[in-house]
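These protein sequences, in sequence, are chains A and B. The numbering used here puts the first sequence at residues 1 to 114. The numbering used here puts the second sequence at residues 1 to 119. Cβ coordinates follow ideal geometry from the N, Cα and C atoms, glycine included. Taking it in order: structure first as structure tokens, then the write-up.
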Amino acid sequence: AQSVAQPEDQVNVAEGNPLTVKCTYSVSGNPYLFWYVQYPNRGLQFLLKYITGDNLVKGSYGFEAEFNKSQTSFHLKKPSALVSDSALYFCAVRENNAGNMLTFGGGTRLMVKP
Amino acid sequence: GAVVSQHPSWVICKSGTSVKIECRSLDFQATTMFWYRQFPKQSLMLMATSNEGSKATYEQGVEKDKFLINHASLTLSTLTVTSAHPEDSSFYICSAPSPLVLAVQETQYFGPGTRLLVL
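Spelled out as structure tokens, the structure:
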């Protein structure tokens, strides 16, 4: 069975500072990893994914994430946070042979203060 | 890129009534769609997998007779909450897998969600 953990319910960061949202996963095979962002009363928007290749993945809105196989982590990062980045972020995993079904982490609320 | 729409965005109904939520893939075909439920400040919980031309597959603990799913065509899946009660109030989100030609981009496209409030 696949699972995802986001250990922080909320992350607070000042505008302009770097941000990190943590994610760890557990799968029996090779993982496909994703980050999604959700704004209030909206569906999920795709940010980035790791399938294979370079461990550092760059995505939308200046976000990036680093796949670390030994630590089974896929932390989301951004060098300089914006107030508009404040939202709910979900990490998700799918095993490479698990069809299209995603397993989501519990979500982390990012608050960027001016 | 591919878009998934949901209708309605908001619905308020009285306890005991049934509510239908539509999920449409706008510029691609989806033989499979997923229905999720999200409680406030919580993650998405997969309710069921909707399959075009066959019965939906429900996750453990989800009542089939309560949440009726019909995948009427390759671009439309509907979720009907039958005899809704206040505890059914939630945010319902559907998604559809990427078409094969776009599979390198992402695995699922999500609808904007439907907020249901049962009084």
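Select from the options the residue whose C-alpha is nearest the C-alpha of residue i.
{"i": "Cys23/B", "options": "Asn70/B, Glu87/B, His85/B", "result": "Asn70/B"}
{"i": "Ser73/B", "options": "Lys55/B, Glu59/B, Cys13/B", "result": "Lys55/B"}
{"i": "Pro7/A", "options": "Ala87/A, Phe34/A, Tyr36/A, Thr108/A", "result": "Thr108/A"}
{"i": "Pro31/A", "options": "Pro18/A, Ser86/A, Gly53/A, Glu15/A", "result": "Gly53/A"}
{"i": "Ala30/B", "options": "Thr114/B, Ala96/B, Tyr92/B, Tyr109/B", "result": "Ala96/B"}
{"i": "Phe74/A", "options": "Arg42/A, Leu82/A, Ala92/A", "result": "Ala92/A"}
{"i": "Asp88/B", "options": "Leu76/B, Ser25/B, Val62/B, Thr75/B", "result": "Val62/B"}
{"i": "Ser80/A", "options": "Ala5/A, Ser3/A, Thr20/A, Val4/A", "result": "Thr20/A"}
{"i": "Gln10/A", "options": "Ser86/A, Thr103/A, Leu33/A", "result": "Ser86/A"}
Check the Cβ of residue i against every Cβ in chain A and list those closer than 7 Å, keeping chain order.
{"i": "Phe110/B", "result": "Gly43, Leu44"}
At 9 Å on the CB atoms, spell out the chain B contacts of residue i, in chain order.
{"i": "Gly105/A", "result": "Ser43"}
{"i": "Phe90/A", "result": "Ser43, Leu44"}
Strictly below 9 Å CB to CB, what residues from chain A border residue i?
{"i": "Arg115/B", "result": "Asn41"}
Which chain A residues are close to residue i, counting only those with a beta carbon under 8 Å from its beta carbon?
{"i": "Ile93/B", "result": "Gly43, Leu44"}
Please report the distance separating the alpha-carbon of residue i from that of residue j.
{"i": "Cys94/B", "j": "Val13/A", "result": "31 Å"}
{"i": "Phe63/A", "j": "Met45/B", "result": "25 Å"}
{"i": "Gln105/B", "j": "Pro8/B", "result": "Because the pLDDT of Gln105/B is 49, which lies under 50, any placement of that residue in the model is unreliable, and the question is left without a value."}
{"i": "Thr80/B", "j": "Leu88/A", "result": "27 Å"}
{"i": "Glu59/B", "j": "Ala1/A", "result": "14 Å"}
{"i": "Ser50/B", "j": "Pro114/A", "result": "43 Å"}
{"i": "Gln42/B", "j": "Tyr92/B", "result": "12 Å"}
{"i": "Ala5/A", "j": "Gly16/B", "result": "37 Å"}
{"i": "Leu56/A", "j": "Leu48/A", "result": "11 Å"}
{"i": "Lys20/B", "j": "Ser28/A", "result": "38 Å"}
Using DSSP's beta-bridge definition, name the partner residues of residue i.
{"i": "Arg109/A", "result": "Gln10/A, Leu88/A"}
{"i": "Lys49/A", "result": "Phe34/A"}
{"i": "Met33/B", "result": "Ser50/B"}
{"i": "Tyr92/B", "result": "Arg37/B, Thr114/B"}
{"i": "Glu63/B", "result": "None, per the DSSP bridge assignment."}
Between residue i and chain D, is the shortest Cβ-Cβ distance under 8 Å, so that the two count as touching?
{"i": "Leu119/B", "result": "This model lacks chain D altogether; the protein chains it does include are A and B."}
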